[in-house]
Each structure stands twice: as structure tokens, then as C-alpha cells.
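Contents: one structure, followed by commentary.
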Amino acid sequence: MLDIRIIREQAETVRTRLRQRGGEEWTLVDEVLSLDEARRAGETEKQSLQSERNRVSKDIGIARKQGQDTAAIEAGMRAIGDRIDVLNHETADLDARQETLLLSIPNLPHEACPVGHSAEENPEVRVWGSKPAFAFEPKDHVTLGTDLKMLDFEAGVKISGSAFVVYRGAGARLERALINFLLDLHTTQHGYTEIAPPLLVKPEALFGTGNLPKFGDQLYHCEVDNLYLLPTAEVPVTNLHREEIVDPASLPICYAAYTPCFRREAGSAGLGTRGLIRMHQFDKVELVKICLPQDSMEELEKLTANAEKVLQLLGLHYRVIELCTGDIGFGSAKTYDIEVWAPGQGTFLEVSSCSNFGDYQSRRMKLRYKDPETRKNLYPHTLNGSGTALARLFVALVETYQQHDGSILLPPALVPYFGRSGIAALTP
RNA sequence: GGAGAGAUGGCUGAGUGGUCGAAAGCAACGCUUUGCUAAAGCGUCGUAGCCCUUAAAGGCUACCGAGGGUUCGAAUCCCUCUCUCUCCGCCA
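Under our numbering, the very last position in the first sequence is 727; numbers go up by exactly one each time.
Here it is as C-alpha cells:
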């Protein structure tokens with residue numbers, strides 16, 4: 300949520316920045332400003348009347364003790380009370396409308412965020428490794444997974460429908476090995492604290508991270524209990540400190556969490572996505588940071604480097620791109636995407652998205668820290684990034700490390716976790 | 001699912017219609033004094049909004065789980081809701 304004071308004082312800058320995103324939200328600025336003005340006018344009148352009421356009510360108390368008749372004064376106060384009631388409802392209504400508008404306005408892109416209209420204008424930041432060469436025609440993960448009996452797409456459909464999959468045998472074991480590898484890397488090498496959060500979350504948590512109110516159609520909702528299946532561990536983990544005033548000495552707070560993620564993917568069904576690339580349920584290890592405002596850009600670089608380390612250790616070719624203003628997410632001020640090469644797809648797949656949200660989420664969830672100098676409560680910055688998504692990592696891994704005989708030879712970093720050096724081809 | 005208890009400031013915990021934003025204690029911060037890993041004394045110490053200011057300072061208002069009601073006036077009385085805890089039942 301944007302700071303109303305920034306909108307008030309720098310309306311033109313806010314409009315310009317919002318326009319760079321390409322949406323229509325910039326047109327809401329004028330509406331917010333007029334609501335704000337009306338709200339403050341009502342607030343001022345209401346408060347001066349309340350002040351009068353408090354003063355006179357005290358006098359009435361004193362006069363009554365002295366046995367005086369206060370009926371006339373009380374009648375006058377009743378009129379003031381009525382007026383206060385009216386103003387109360389008016390300002391509450393204006394306040395609610397302003398809040399609703401503010402919740403639907405996306406974050407301002409950071410000035411370091413490249414300006415552009417769409418994904419085509421995302422600059423490539425760096426490339427690591429190179430495309431692996433094959434002396435044979437590489438298969439895609441669907442073929443490999445099915446042949447090796449690691450992935451059962453038909454069973455997924457039978458049990459849960461399209462875009463669900465069953466991992467089995469070596470596939471299930473590989474998924475588990477990857478989860479442990481990722482968590483160990485981030486907790487023992489990168490200093491993150493491991494979190495295992497609930498997978499069902501309240502609406503308040505989703506408002507805090509910005510998934511609600513705008514993106515409810517992407518969420519699985521358990522109506523009888525009004526709980527949502529999480530679309531990413533970002534939601535419960537960032538909300539761990541919702542409505543808290545954290546000790547600034549404890550910053551940066553760094554969390555790593557493995558969870559399954561559930562997404563309805565409304566609107567993208569049948570979008571030509573074969574295999575594991577777009578699923579309703581997938582595993583992910585998420586990294587979350589809460590830090591001082593002045594540190595957040597540096598922390599974003601570290602976070603991105605932590606996610607890249609995964610691909611480096613696994614020997615997977617990848618590139619990092621920077622999202623332009625027209626492509627960054629709703630709450631983000633600056634985002635790097637990491638895309639891994641998948642030989643069977645002949646394309647790069649997004650396996651991580653690392654974002655600095657500035658104070659956008661912390662203001663929404665009333666997450667603050669007390670500045671030791673001024674003793675004021677300030678909003679820390681929040682960041683998160685996948686470290687990394689598992690399904691697409693699985694794709695890149697098996698497609699990159701497939702052998703001519705259909706077997707898979709795992710990179711050394713994964714061998715201790717998997718327990719074997721690879722997955723042998725099955726003999727028919 | 002059944003029964004009961006509760007929700008007050010960072011924490012503990014007083015407060016049942018009027019100078020209560022709220023006693024007291026703990027924690028924290030500052031100062032003083034003494035001094036071997038500390039104690040004592042004094043002071044400060046909730047959150048948010050509005051107004052006035054270049055700013056600081058200041059003034060005002062609201063907030064004692066949430067919402068509504070009674071009243072000139074509500075932490076305090078009434079109603080509704082939510083949540084937490086305990087016990088019983090069921091269950092991985």
C-alpha cells in the first residue's frame with residue numbers, strides 16, 4: 300500500500316510512476332486525493348465537536364454534584380451528539396473507500412527499475428554457463444519421466460484433474476532430494492532460518508502480501524472455514540511478523556521455507572503447457588527477508604545470488620533478467636527473474652523471481668520497527684525470491700543430465716541427497 | 001461436536017458511569033551517585049489520525065478484542081460477532 304502522504308505531496312510523480320506500469324491505476328490518484336480531502340475536512344469538524352462535548356460533559360458532572368439543573372445544557376449537547384454521529388459515519392465511509400482504493404493501487408516501480416512496456420523489454424543482466432551439447436536428440440522431461448516411471452501424468456489427472464501430477468519411485472525421491480538440498484544450502488551456507496508454515500492461511504495474511512483483494516481468482520478457497528491454500532510460502536512467512544514492531548537489531552530477518560504451492564492458474568488453462576511447467580500444485584523453497592530500508596537494494600542482490608547458487612551447484616545453464624516497469628509484479632518495486640535452460644523444451648524456464656517490495660507489504664500488514672534515533676515507528680522493507688521452484692528445476696535437471704541410453708546422471712552436489720549417482724534406464 | 005473461562009499499553013496486572021489513556025510491577029531508554037562483571041535514586045517510556053508549523057515543539061481527537069446500542073458523558077451498562085485458553089468427546 301502506498302503512503303497517502305506521498306500521494307498527497309508528490310501526486311504527479313506517483314501518477315508518472317504508475318503509468319510506467321502500463322495499467323489504469325494511475326487514474327485513481329485524483330479520486331484518492333479528493334476522498335482524502337473530504338475525509339480530513341470531516342475529521343477536523345468531528346474532532347472539534349468531540350472536544351466541545353468532552354469539555355461540557357465534564358461541566359455537567361460537576362454541576363450535578365452541586366445540585367444544579369443541567370437539563371437545558373443536556374438538550375443542547377444531544378444535538379451536538381447527533382451531528383457527531385453523522386460525521387462519524389461519513390468519515391468512516393470515506394476512510395473505508397480510501398483504504399479500498401489504496402489497496403488496489405500497485406507499488407511504485409523503483410527508480411532503478413528499467414522503464415518498459417512488456418516482457419520483451421526486460422534487459423538480460425547476466426548469463427551463467429552455456430547450453431549443453433548433445434550427441435543425440437535430447438528428450439523432454441515428459442518422455443524421460445514417463446519412460447523412467449518417475450512421473451505419472453495420467454494418475455494425476457485421474458485423481459485430481461489436469462495440471463496435477465504424481466511423482467513416483469526415483470521421481471519422488473529426486474523431488475525429496477532437491478528439497479533437502481535447497482533447504483540445507485540456504486540454512487547452512489546462506490544464513491536463513493528454516494520455517495515450516497501452515498499451508499492454509501487467513502484472508503488477512505493474503506491482504507498483507509497483496510494477493511488479495513485483486514488476485515483472489517488465482518487462489519483455492521475453503522469457503523466453510525474462509526481459509527485459502529497458499530499460492531507461495533511468501534504469504535505465511537512474510538506475515539510471521541504482521542502487526543508487530545520488530546527490534547531493528549534483529550534485522551535483516553532471513554527465512555527459508557519449503558512448501559507446496561497451490562495456484563488455480565485461471566485464464567491460463569490449456570495454454571500449451573506440456574508436462575510439469577505449469578501445475579496447480581508444485582513444490583517450492585522460498586526465501587524471505589525483512590530489512591532496514593537503506594539495505595534493501597543490497598539485500599535484493601544477495602537474495603538473487605543465493606538463488607543463483609542453486610543453479611551453479613547443480614551445473615545448470617541460466618540467465619538473469621531484470622523485469623521492466625511494465626512487467627514487474629503488483630507489489631514489487633524491482634524484480635530479477637532467474638531462468639534456467641531446459642534442453643528438451645529448447646527454452647529458458649522461470650525458476651525464481653526475486654523482488655524488493657520496499658515498504659509496500661509492511662505498510663499493508665502493519666509490520667514496523669522502532670527507529671532508535673527518532674523513536675518513531677517506521678516500515679521495514681520486505682523481499683522474497685524463490686530459491687527455487689522445484690517442478691521447473693526438476694525439468695531442467697533431468698533434461699540437462701539425460702544420457703544417450705535414456706538414463707540420468709545426477710550432478711555431484713545432489714548425489715549425497717539422492718543416495719545414488721543417477722537414475723538407470725529401465726530395461727523393457 | 002459439548003461445557004466453561006477469558007480478551008486492558010512490550011509483558012504481568014488493577015480498574016463496574018464523569019478530571020481514566022488508564023494504578024502498580026517488570027522490561028526498555030536517559031541522567032545521577034557509588035563502583036570489579038552490578039546496585040540504588042530520579043526521570044522518560046503505547047498506537048494512530050486531524051490541526052498548526054520549513055522543521056522541532058505544541059494543540060486536539062480516537063483507540064482498553066471487533067461492531068452496534070443506552071447516556072449529556074462508556075474500559076466500565078446492554079446486544080451481536082470474532083478469537084484465545086481449559087475440560088470432555090473424536091482423531092493423525
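By construction, the Cβ of each residue, glycine as well, lies at the ideal position given by its N, Cα and C atoms.
Here the structure is a predicted model, which means the values were calculated and not measured.
In whole angstroms, what separates the C-alpha of L539 from that of R662? 14 Å
Report the option in G684, L696 and F656 whose CA atom is closest to the CA atom of A411. F656
In chain order, each alpha helix (DSSP H) run of at least 4 residues that lies wholly inside the region 326-402: 327-364
May I ask you to list the residues that DSSP assigns as paired with L528? L499
Which partner residues of I494 appear in the DSSP bridge assignment? A556
How far does the alpha helix (DSSP H) with V714 in it reach, from first residue to last? V714 to F717
Is T624 buried or exposed, if buried means 16 or more other CB atoms sit within 10 Å of its CB? buried
Is the separation between the beta-carbon of G297 and that of D439 shorter than 8 Å? A question about residue 297 goes unanswered here, because the residues of the chain that appear run from 300 up to 727.
Between which two residues does the beta strand (DSSP E) holding E638 run? K633 to A641
Check each candidate in E598, R541 and L484 and name the one with the smallest Cα separation from T508. R541
Among C553, P437 and L401, nearest to F506 - alpha-carbon criterion: L401
Assign Q365 to buried or exposed, taking buried as 16 or more other Cβ atoms, counted over all protein chains shown, within 10 Å of its Cβ. exposed
Per-residue DSSP class, three states only, for T681: strand
Would A691 pass as a contact of L677 if the rule is Cβ separation under 8 Å? The sequence shown places Arg at residue 691, not Ala. In this structure, L677 does not lie closer than 8 Å to R691 by Cβ.
By Cβ distance, which residues of its chain are closer than 7 Å to R396, with the 5 residues on each side in sequence left out? L334
Straight-line gap, E598 to C553 (C-alpha atoms, nearest Å): 10 Å
Comparing alpha-carbon positions, which option in Y635, F463, F435 and G341 lies nearest S685? Y635
Contact between the region 424-433 and the region 442-455 (3+ Cβ pairs under 8 Å): no
In the structure shown, what three-state DSSP assignment does A688 receive? strand
Roughly how many whole angstroms lie between the Cα atoms of Q346 and I303? 21 Å
A555 and V584 - do their beta-carbons sit closer together than 8 Å? yes
On the DSSP letters alone, give me the boundaries of the beta strand (DSSP E) that I589 sits inside. Q580 to C590
Endpoints, the beta strand (DSSP E) within which S651 is located: T646 to N655
How do the region 634-649 and the region 602-621 stand: do at least 3 beta-carbon pairs fall below 8 Å, yes or no? yes
In whole angstroms, what is the alpha-carbon distance linking I359 and E373? 8 Å
Assuming T537 contacts N683 under a Cβ cut-off of 8 Å, what Cβ separation, rounded to an integer in Å, is found between them? 7 Å
Taking the continuous beta strand (DSSP E) assigned at R573, which residues delimit it? Where R573 is concerned, there is no enclosing beta strand (DSSP E), given that its DSSP letter is neither H nor E.
What's the gap between the Cα of H520 and the Cα of Y527? 4 Å
Label T699 either buried or exposed according to how many other C-beta atoms from any shown protein chain fall within 10 Å of its C-beta, with 16 as the threshold for buried. buried
In angstroms with no decimal places, state the Cα-to-Cα distance between F717 and E503. 39 Å
Cβ atoms of A476 and M578: under 8 Å apart, would you say? no
If you follow the beta strand (DSSP E) that Y668 is in, where does it begin and where does it stop? R667 to K669
Which parts of the region 434-501 are runs of the beta strand (DSSP E), unbroken and 3 residues or longer, counting only runs that do not cross its ends? 492-494
Within its chain, find whatever has a CB closer than 7 Å to the CB of L561; leave out the 5 residues flanking it on each side and keep chain order. In the sequence as displayed, the identity of residue 561 is Phe instead of Leu. If we look at F561 and ignore the five residues flanking it on each side, its Cβ neighbours are Y519, L528, L529, P530, H579 and Q580.
Could you tell me the distance, in whole angstroms, from the CA atom of F629 to the CA atom of R377? 48 Å
So, with DSSP's three-state summary, where would you put Q701? strand
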